[in-house]
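To get my numbering, take the position in the sequence shown, counting from 1, and add 3.
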Amino acid sequence: MNGESDSSGQAKRIVLGVQYDGAPWQGWQTQLNGLTVQDKLELALGKFTQQEVSTSCAGRTDAGVHAIEQVVHFDTLLERDMQSWVRGVNTFLPSSIAVRWATEVATDTDENFHARFSARSRTYQYVLYNNQVRSPLLEGKAGWVFRTLDVDKMREAAAHLLGEHDFSSFRSVQCQAKSPVKTMYAIKIEQRGDLIMFTVHANAFLHHMVRNIIGSLIYVGNGTQPSAWLKELLEAQDRKIAAPTFMADGLYLTKIDYDPKWKLPQIDTQNFLWS
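Following this line, the structure appears as structure tokens:
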């Protein structure tokens, strides 16, 4: 399967749903060393189309962070059916990255689709293993805390984060966002045995925001800080007083929400990790 030179003469905007294990890669965004998800995807697209392809994504994940459904778009003149984009590109991708679906969106409207700027909200999930002994089977796939955590206290603390706030206390110094003000729609914390699942839904996220929130919630769960500490952190707007950034291993970009008018064939990701 390859990219022949046939084309319609008019650029099409193709949208892909991409899933990946972030452990082998240095994040999403392209780097000179080529060891990123974007680099591997664009290399595969180039081999399939025999043309240079530039992509845009919904959210630039960090090194070690996974994606159940990253959304990516690019423009092309080539004529292909959607399953050819899936099967053809996957032929050239490593086993840790896969295109799950492809669709074409209209480009002759007043508003063109953009993977990032058309997104209405984003959902991340964090899988945490809470046991005295680490599990080699969860290495790279879940965070680990050996001290027993109080889930109820973490839920009390998380409630302070709901709504619109300045999240500067959970913002990386490398963050390039124009504003630290974001709207947190929901934070759900569930426990099944030794696994704790954090589901975080907001209009957008700052750099390291989820991992910094998880680290601070863990401080509450292990008794280092009281539940009200999260409220104090928000009000302080000072990254230096919050908990350290927690490990990337258990973080998954789960879902990007778009207006139904775009008719994206997105998969049901809510229970992908936890059925």
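Where a beta carbon is used, it is the ideal one built from N, C-alpha and C, also for glycine.
- For the options E167, V18, I100 and S172, the alpha carbon positioned closest to that of Q240 is the one of S172.
- Approximately 22 Å separates the beta-carbon atoms of Q128 and T39; this is outside 8 Å, ruling out the contact.
- Between A189 and Q53, the alpha-carbon positions lie close to 44 Å from each other.
- In the three-state scheme derived from DSSP, where H, G and I count as helix and E and B as strand, F173 is classed as helix.
- With a beta-carbon spacing of about 6 Å, G62 and R125 fall inside the 8 Å limit used to define contacts.
- Here the C-alpha atom of A118 lies approximately 25 Å from the C-alpha atom of H168.
- Approximately 15 Å separates the beta-carbon atoms of C60 and W104; this is outside 8 Å, ruling out the contact.
- Within its own chain, the residues whose Cβ lies closer than 7 Å to the Cβ of M212, once the five positions on either side in sequence are excluded, are F170, F173 and R174, listed in chain order.
- With 16 or more other Cβ atoms inside 10 Å of its own Cβ, R214 counts as buried.
- Between L152 and N133, the beta carbon gap of about 5 Å places them in contact (Cβ cut-off 8 Å).
- Distance from the CA atom of M85 to the CA atom of D78, rounded to whole angstroms, is 14 Å.
- Nearest neighbour of E55 by Cα position, chosen from A66, T64, K43 and E238, turns out to be K43.
- Inclusion of V18 and W265 in the CB contact set at 9 Å is warranted, their separation being smaller than that value.
- Going by DSSP, F201 is part of the beta strand (DSSP E) stretching over L198 to A205.
- Cβ contact annotation for V92 (same chain, cutoff 7 Å, sequence separation greater than five): A47, L48, F51 and V102, in chain order.
- Nearest in C-alpha terms to V184, of all of L276, E238 and S278, is E238.
- Spanning the alpha carbons of H76 and Y23 requires a straight line of approximately 16 Å.
- A straight-line Cα-Cα distance of about 27 Å links Q273 and N115.
- The DSSP-derived three-state label of S138 is coil.
- About 4 Å separates the Cβ atoms of L256 and A70, confirming a contact at the 8 Å cut-off.
- Sequence-distant partners of A122 (beyond 5 residues in either direction) whose C-beta falls short of 7 Å from its own C-beta, in its chain, are A61, I259, D260 and Y261.
- Judged by their CB atoms, M187 and E193 are not nearer to each other than the 9 Å cut-off.
- Closest in C-alpha terms to L131, from the list R16, D197 and Y222, comes D197.
- Taking C-beta atoms as the reference points, L220 and A161 count as a pair closer than 9 Å.
- Proximity to L96 across Q41, G166 and Q228 peaks at Q41, based on C-alpha coordinates.
- For A145, the closest C-alpha among the options V21, M157, L254 and W28 is that of L254.
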